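J.: Structure incoming, see below.
In full-length UniProt numbering, the protein residues as written are 1 to 237.
Written as structure tokens, this is what we have:
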């Protein structure tokens, strides 16, 4: 079986290292190249012992790939994507850079001007339950956020069929890894253990993503969504 040659940009983050674990086990994927600036020059299995069977060095740049996953942070990811697309390499972007179709909404919720607004129209929202055929043929796929994935999958059938009132409450829970590997007081063990805390009560950046996709399913709905995310004491986010 011919395998698709796949690379990961920023394999050293939580999303990147989990991608490496999953892709390495996929029978139709050949994981051929990974990058990570903080660990460039080291073997992947040395940095992450649970990936010792993945015989790859962490490089500064991707090489010899048909498909690239970008696990860079927001804003930085879009800048990495542009040259890859120009080389004809298909890209799945794990960040939020291509999820929102409106560059103005991106500025409002993420705090900076979109680095590549010309690509927003062509990016396919990567929820395969809703866009399977479009994802299969896309050059650029925007990986959905964690909270939107859970909320949209749960609500899509009843919203599309008009079986639910448009006043919707979404009560979501996430583990600590969703905040990334950067140190912060909020994610210290002593702050999160034995506790559940609501946050971003004045508006979470995943809210416009949820609204965007639900409105596409039933445009005539005047949605009013109350979205309350919570941080809970477990690892996976």
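All residues carry an ideal CB built from backbone N, CA and C; glycine is no exception.
Values in this document were obtained by computation on a predicted structure and should not be read as measured data.
Residue 37 by DSSP, collapsed to three states: which one?
T.: helix
J.: Grab the span of the alpha helix (DSSP H) containing residue 103 for me, first residue to last.
T.: 103-110
J.: By a C-beta neighbour count over all protein chains shown, 10 Å radius and 16 as the cutoff for buried, is residue 188 buried or exposed?
T.: exposed
J.: Suppose contacts are defined by Cβ-Cβ distances below 8 Å. Is residue 210 in contact with residue 232 by that definition?
T.: no
J.: Using C-beta distances below 6 Å, list every residue in its chain close to residue 39, excluding the 5 sequence neighbours before and after it, in chain order.
T.: 12, 47, 58
J.: Does the region 140-155 come close enough to the region 85-102 that 3 or more CB-CB pairs lie under 8 Å?
T.: In short, these stretches touch, since the Cβ pair count reaches three.
J.: Given this structure, state the Cα-to-Cα distance separating residue 194 from residue 185, to the nearest angstrom.
T.: 16 Å
J.: Identify whether residue 179 lies in helix, strand or coil by the three-state DSSP scheme.
T.: helix
J.: Let's test the definition: count the other Cβ atoms within 10 Å of the Cβ of residue 80 and tell me whether it reaches 16, buried, or not, exposed.
T.: buried
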